[in-house]
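**Student:** Mind having a look at this structure? Questions to follow.
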Amino acid sequence: MAVTSQLKVQSNGEVISFQVGGPYTIDNATNVLVGDVWVMSGQSNMRGSGFYTNPWTDPPKTYPDYVDEMVHLFQSNEDWGLAREPTHRIDQSPRQVSYSISDPSVYLKDYHLYRGVSSGTAFGKAYREQLNVPVGLVASSHGGTTMEQWNPELLETTENPFNNTLYGAMLGRIEKIENQVAGILWYQGESDAENSTLATQHSARLKSFIQTTRRQLKNDRLPFVYVQIARSSNMVNNNNNWNTIREGQRSLINDDWSTERIGLVSSIDCELDDPVHLSANGQAVIGKRLAIAAVKTLENTGGSSSPDLDTVTFEKWKFANSTSVAALQATLLLQFKHVDEWKSPEGGISGFSLHDANGAILPVIYKSAIQEDMKTVRLFLSDSAMQLNPNNVFLYYGYGMNPRCNMEAMNGMGLLAFGPVPVPLNF
């Protein structure tokens, strides 16, 4: 697999150009494609943990396998092959770091026989459908890892860092394919959400990671597309940490640096296969969203990849000149960026909630509704909202570890989780 708009190869004393496409035969190399190569990095939800089949159906349901001869994979063994799930076989990696950091796909020898579906092949298929170019994927993820373990500074403090650090191994794989990459796909943050200090530091570390990787690869506009973390149903209450990670990830696309070549996609509404890992269905959704965002980064509009909250306006309406609460309707009108039209989910929309500064739920929303323009959402507040301290009310979409959310635009992109956002109550 090669990347760029054109591949030039010296063969038998002459330079031969190969246009985007393939497959080509070049000297002794067969099935060579010229297209876009994307690196898959992060932790287990990028590595892939979805089950291949649903054992609770009779017969067990097998999920779609997005095999395409024009999508290739630089595998964990660091050889090229046809892309298929699992995209990662870390137990076949030649690098020591793959074994020195614990990962169940390594120490459970039968893991890859039952689960491992990632967003990779779905991404490759959707990306090809949009740009009609061959796609290469580079498997470079590792389960259960923090931003601290991906720290580029470990290159300077670790002996043989390309063999013994996650970041060095990623750079080593990229170097092995001659540094020809179109961009980075990143899904990580769940492990940082287990610790309040790591959660607080996550956003700054992610920004530094992006900037450092661009310098390392000598491309200050290298596209970087990442996933906002999903849900967790574990019993330990880390709601604040999960909020901090998600909001920090969202803040980067609203920061005071260029976000033209940075894209963020939501996973808060995706199906899980265990308390923290996306199912095959969820990974298929993320693959398509990543492809949309990746294309937008190439078009220099990456920051507008996903729907995001724009404004919150308190609006009230009453009939007659009555002071009775029976004559009053109080609402919050939510306006959003980067959405043309919302889908109307069966059973209504969910995921919006109000909380105080300590995270306590303020149960005053009795209805949420998409408005006639199909772009805005109105939250209806009970008269109990009149008793709230207007300086201590905050809006969230996707609060805490395990919310139920379902806001999806017609193009398949999910609303980014957000909060805390101060709410302007003015009764």
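Those letters in the sequence shown? Residues 8 to 434, by my numbering.
Don't be surprised by glycine CBs; every beta carbon is placed ideally from N, CA and C.
At which residues does the alpha helix (DSSP H) containing H119 begin and terminate?
**Tutor:** In the sequence shown, the residue the question calls residue 119 occupies position 112. Residues Y118 to Y121.
**Student:** Hey, how far is the Cα of V44 from the Cα of A189?
**Tutor:** Along the sequence shown, one-based indexing puts residue 44 at 37. Along the sequence shown, one-based indexing puts residue 189 at 182. In a straight line, the C-alpha of V44 is about 5 Å away from that of A189.
**Student:** Is G270 helix, strand or coil by DSSP?
**Tutor:** Within the sequence shown, the letter at position 263 stands for residue 270. If DSSP states are grouped into helix, strand and coil, G270 belongs with the strands.
**Student:** Suppose contacts are defined by Cβ-Cβ distances below 9 Å. Is M77 in contact with L138 by that definition?
**Tutor:** The residue labelled residue 77 in the question sits at position 70 within the sequence shown. The residue labelled residue 138 in the question sits at position 131 within the sequence shown. Against a cut-off of 9 Å, the Cβ pair of L138 and M77 comes out as no contact.
**Student:** What residue range does the alpha helix (DSSP H) around P93 cover?
**Tutor:** Counting from 1 along the sequence shown, the entry for residue 93 is found at position 86. That residue, P93, is in no alpha helix (DSSP H); it is neither H nor E in DSSP.
**Student:** Just to confirm my understanding: we take L369, look at its own chain, exclude 5 residues before and 5 after, and list those with CB closer than 7 Å. What are they?
**Tutor:** Sequence index remark: in the sequence shown, residue 369 carries index 362 (1-based). Correct list, in chain order: L361, H362, D363, L395 and V400.
**Student:** Do the region 119 to 138 and the region 71 to 86 make contact, defined as three or more Cβ pairs closer than 8 Å?
**Tutor:** Result yes; three or more Cβ-Cβ pairs closer than 8 Å.
**Student:** In chain order, what are the residue ranges of uninterrupted alpha helix (DSSP H) at least 4 long that sit wholly in the region 238 to 308?
**Tutor:** Within the region 238 to 308, the complete alpha helix (DSSP H) runs of at least 4 residues are 246 to 259 and 287 to 305.
**Student:** So, helix, strand or coil for I108, using DSSP?
**Tutor:** For the purposes of this step, residue 108 is taken as residue 101 along the sequence shown, with counting starting at 1. Looking at I108 - three-state DSSP - the assignment turns out to be coil, as it is neither helix nor strand.
**Student:** Exposed or buried, which one is P101 when buried takes at least 16 other CB atoms within 10 Å?
**Tutor:** As a first step, residue 101 is located in the sequence shown; it is residue number 94 there, counting from the start. It counts as exposed.
**Student:** Per DSSP, what kind of secondary structure is D43 in: helix, strand or coil?
**Tutor:** Here residue 43 refers to the residue found at position 36 when the sequence shown is read from its first residue. In this structure, D43 counts as strand in the three-state DSSP scheme.
**Student:** Assign R228 to buried or exposed, taking buried as 16 or more other Cβ atoms, counted over all protein chains shown, within 10 Å of its Cβ.
**Tutor:** Reading the sequence shown from its first residue, position 221 is the one you call residue 228. R228 should be labelled exposed.
**Student:** Find out if the Cβ-Cβ distance for the pair N158, Q103 is shorter than 9 Å.
**Tutor:** Looking up residue 158 in the sequence shown gives position 151. Looking up residue 103 in the sequence shown gives position 96. No, the Cβ-Cβ distance between N158 and Q103 is not below 9 Å.
**Student:** Mapping the DSSP letters down to three states, classify D347 as helix, strand or coil.
**Tutor:** Stepping through the sequence shown from its first residue, residue 347 is reached at position 340. Of the three classes helix, strand and coil, the one that applies to D347 here is coil, per DSSP.
**Student:** Could you name the residues of the same chain whose beta carbon sits closer than 6 Å to that of T165, not counting the 5 residues immediately before and after it, in chain order?
**Tutor:** The residue labelled residue 165 in the question sits at position 158 within the sequence shown. Correct list, in chain order: N171 and T172.
**Student:** What are the uninterrupted segments assigned as alpha helix (DSSP H) that are 4 or more residues long and contained completely in the region 132 to 193, given in chain order?
**Tutor:** List check, alpha helix (DSSP H) in window: 161 to 164, 168 to 171 and 173 to 183.
**Student:** Does the beta-carbon of W63 have 16 or more other beta-carbons within 10 angstroms, so that it is buried, or is it exposed?
**Tutor:** Position 56 of the sequence shown, counting from 1, holds the residue named residue 63. W63 should be labelled exposed.
**Student:** By how many angstroms is the C-alpha of T251 removed from the C-alpha of L340?
**Tutor:** To locate residue 340, count along the sequence shown from 1; it is residue 333. To locate residue 251, count along the sequence shown from 1; it is residue 244. Between L340 and T251, the C-alpha separation is close to 24 Å.
**Student:** Which residues in the same chain have their Cβ closer than 6 Å to the Cβ of D98, if we skip the five residues on either side of it in sequence?
**Tutor:** Sequence index remark: in the sequence shown, residue 98 carries index 91 (1-based). So the qualifying residues of the chain are V113.
**Student:** Taking the beta strand (DSSP E) that R102 falls in, what are its first and last residues?
**Tutor:** Your numbering for residue 102 matches position 95 in the sequence shown. Counting along the chain, R102 falls outside any beta strand (DSSP E), and DSSP gives it neither H nor E.
**Student:** Apart from the five residues just before and just after L305, which ones in its own chain have a Cβ nearer than 7 Å to its Cβ?
**Tutor:** As a position in the sequence shown, residue 305 is number 298, starting the count at 1. Only P230 meet the Cβ criterion.
**Student:** Does DSSP classify F130 as helix, strand or coil?
**Tutor:** Numbered from its first residue, the sequence shown carries residue 130 at position 123. DSSP places F130 in helix when its eight states are reduced to three.
**Student:** Applying the 10 Å Cβ sphere with the 16-neighbour rule, what's the burial state of I377?
**Tutor:** Mapped onto the sequence shown, residue 377 falls at position 370. I377 should be labelled buried.
**Student:** Going by DSSP, name the residue or residues bridged to T207.
**Tutor:** The sequence position of residue 207 within the sequence shown is 200, counting from 1. DSSP lists no partner for T207.
**Student:** Around the C-beta of Y233, are 16 or more other C-beta atoms found within 10 angstroms, so that it is buried, or is it exposed?
**Tutor:** Within the sequence shown, residue 233 is the residue found at index 226, counting from 1. So Y233 ends up on the buried side.
**Student:** Let me know if V10 comes out buried or exposed under the rule of 16 or more other beta-carbons within 10 Å of its beta-carbon.
**Tutor:** Within the sequence shown, numbered from 1, the residue matching residue 10 stands at position 3. Low per-residue confidence applies at V10: pLDDT is 48, beneath 50, and the placement is therefore not dependable, though the value from the model is reported in the following sentence. So V10 counts as buried.
**Student:** Would you mind stating whether A206 and G255 have Cβ atoms separated by less than 9 Å?
**Tutor:** Taking the first residue of the sequence shown as position 1, residue 206 is located at position 199. Taking the first residue of the sequence shown as position 1, residue 255 is located at position 248. Yes. Within cutoff.
**Student:** Quick one: give me the first and last residue of the beta strand (DSSP E) that S51 is part of.
**Tutor:** Residue mapping note: residue 51 aligns to position 44 of the sequence shown, counting from 1. Looking at the DSSP string, S51 is not in any beta strand (DSSP E); the run it does join, the alpha helix (DSSP H), is S51 to R54.
**Student:** Considering only residues of the same chain and omitting the five flanking positions on each side of G88, which have a CB-CB separation below 6 Å?
**Tutor:** The sequence position of residue 88 within the sequence shown is 81, counting from 1. For G88, where only same-chain residues beyond five positions count, the Cβ hits under 6 Å are L80 and Q82.
**Student:** Would G358 be called buried (16 or more neighbouring beta carbons within 10 Å of its own) or exposed?
**Tutor:** Counting from 1 along the sequence shown, the entry for residue 358 is found at position 351. With 16 or more other Cβ atoms within 10 Å, it is buried.
**Student:** Go to D317, then tell me how far its beta strand (DSSP E) extends in each direction, as first and last residue.
**Tutor:** To locate residue 317, count along the sequence shown from 1; it is residue 310. Unbroken beta strand (DSSP E) run through D317: D315 to K325.
**Student:** Going by C-alpha distance, which of G143, M242, K183 and K214 is nearest G407?
**Tutor:** Position 400 of the sequence shown holds residue 407. Selected option, being the one with the closest Cα: M242.
**Student:** Any contact of the region 408 to 426 with the region 285 to 304, i.e. 3+ C-beta pairs under 8 Å?
**Tutor:** These segments touch.
**Student:** Could you compute how far the alpha carbon of T383 sits from the alpha carbon of K116?
**Tutor:** Within the sequence shown, numbered from 1, the residue matching residue 383 stands at position 376. Within the sequence shown, numbered from 1, the residue matching residue 116 stands at position 109. So the alpha carbons of these two residues sit roughly 49 Å apart.
**Student:** State the Cα-Cα distance for the pair A90 and Y59, rounded to the nearest angstrom.
**Tutor:** As a first step, residue 90 must be located in the sequence shown, where it is residue number 83. As a first step, residue 59 must be located in the sequence shown, where it is residue number 52. Approximately 15 Å between the Cα atoms of the pair.
**Student:** Go through its chain and collect everything with a Cβ distance to F434's Cβ below 6 Å, but skip five positions before and after it.
**Tutor:** Here the question's residue 434 lines up with position 427 in the sequence shown. For F434, where only same-chain residues beyond five positions count, the Cβ hits under 6 Å are M393.
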